[in-house]
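Engineer: In the numbering used here, the protein residues as written are 7 to 381.
Cβ atoms here follow ideal geometry from the backbone N, Cα and C, with glycine treated the same way.
Remember, it's a predicted structure, so these values are computed and weren't measured experimentally.
The structure is reproduced here in structure tokens:
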């Protein structure tokens, strides 16, 4: 089960613009111990490009939610729905909305007449206070958060940053900003995300309907090549093709953040190395057919698993092992079978994204298993 706190925005003026009020950040933070104690996953939903939204207000909202330790943050784009107050001439003019149209993922069919029907939505991609270029960058930032803030696999890295007084928002933000220093495979993912964000936009629903009357183009909808969910599709692509590289890049950016605060020491470097190895072990080859035979092993100086599960605010240095420990990261046969059953429904990048939506988070990643202690 999960607890969803949909805030849309944490900016008071924007909330007034849409006539909405929210639970305060302080109340969210106060709820966290109880939420974690009962084992609930927390989710929150944000809407990008609301009336009065700026680059700063959006990043401030994300920063506050991450400070509140929300496990999953979904960033949606503002839709102009027929019959809603925002979709009136007065509101459009007041906020100077710049809009585009896009296809609702998986919402299309062929009628008995042979005509292809596609469901579309009108979304806000800019306004007086938000440029189209900022819209694209904020969508890209939301992808960085979507992949790296996801539960279990990066819990230790995020906890370590917080333990060293570093905001986890800065990790996701700098991963987006420092993409030129990322491994080529990760750069390719970010480029694909940006291209999809732009390519999914159309000037009118009529253009969309006309384009997909051609069967060759309509087949792209059926295969998932076109009109795919940008975040989910590319998250699955990371998991399948470059999760190890993504983890190493996240570790490098995290090291840079700690170094910038001038708190890097030999011990801190060793702790971070242990954590990155732990994250790498959990996330390695989770969607490949050979996942049972590719079990990574790492040598650890710290009991990362006990530290993650500790609720007494002990720091990682208090979990140093008397003897180094070799840990293997594995799936059980049952876990692997559940994953494989989902993947076999449709083992494509698009199909994998659907599988990840259906699979329980608890079985999506490997489990650590100690195999030896070394002097």
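1) Of all the options 361, 348, 65 and 115, which has the alpha carbon lying nearest to the alpha carbon of residue 146?
2) At what residue ranges does the segment 276-346 contain a whole run of the beta strand (DSSP E), taking only runs of 3 or more?
3) Inspect the CB distances between the segment 104-122 and the segment 214-227 and report whether three or more fall short of 8 Å.
4) Determine contact between the segment 328-335 and the segment 264-281, defined as no fewer than three beta-carbon pairs at a distance below 8 Å.
5) For a test of the three-state rule: what should DSSP assign to residue 156, helix, strand or coil?
6) Buried or exposed, going by whether 16 or more other CB atoms sit within 10 Å of the CB of residue 36?
7) According to DSSP, is residue 112 part of a helix, a strand, or is it coil?
8) Out of 128, 288 and 96, which one is the CA nearest neighbour of residue 105?
9) What residue range does the alpha helix (DSSP H) around residue 212 cover?
10) Consult DSSP for residue 367 and reduce its assignment to one of helix, strand or coil.
11) Rounding to the nearest angstrom, what Cα-Cα distance links residue 139 and residue 182 in this structure?
12) What residues are listed by DSSP as bridge partners for residue 6?
13) Residue 6: buried (16+ other C-beta within 10 angstroms of its C-beta) or exposed?
14) Identify the continuous alpha helix (DSSP H) that holds residue 259 and give its terminal residues.
15) Tell me which residue opens and which closes the beta strand (DSSP E) that residue 126 is part of.
16) By DSSP, does residue 184 sit in helix, in strand, or in coil?
17) Apart from the five residues just before and just after residue 301, which ones in its own chain have a Cβ nearer than 7 Å to its Cβ?
18) In whole angstroms, what separates the C-alpha of residue 220 from that of residue 83?
19) Distance, Cα to Cα, residue 69 vs residue 116?
20) The beta strand (DSSP E) with residue 50 in it runs from where to where?
21) With burial defined as no fewer than 16 other Cβ atoms inside 10 Å of the residue's Cβ, what is the status of residue 271: buried or exposed?
22) How many Å lie between residue 341 and residue 133 at the Cα?
23) Just to confirm before moving on: does the CB-CB distance between residue 6 and residue 174 stay below 8 Å?
Structural biologist: The structure says:
1) 65
2) 303-308 and 326-336
3) These segments touch.
4) no
5) coil
6) Residue burial annotation: residue 36 is exposed, with fewer than 16 other C-beta atoms found within 10 angstroms of its C-beta.
7) strand
8) 128
9) 211-217
10) Correct three-state label for residue 367: helix.
11) 14 Å
12) Residue 6 is absent from the structure shown; the chain starts at 7 and stops at 381.
13) This structure cannot settle anything about residue 6, because the visible part of the chain is limited to 7 through 381.
14) 249-266
15) According to the DSSP assignment, residue 126 belongs to the beta strand (DSSP E) that extends over 122-132.
16) coil
17) Within the same chain, residue 301 has close Cβ partners 334, 335 and 336.
18) Annotation: residue 220 to residue 83 spans about 28 Å, alpha carbon to alpha carbon.
19) 43 Å
20) 47-54
21) exposed
22) 47 Å
23) Residue 6 falls outside the range modelled here, since the chain spans only 7 to 381, and no answer is possible.
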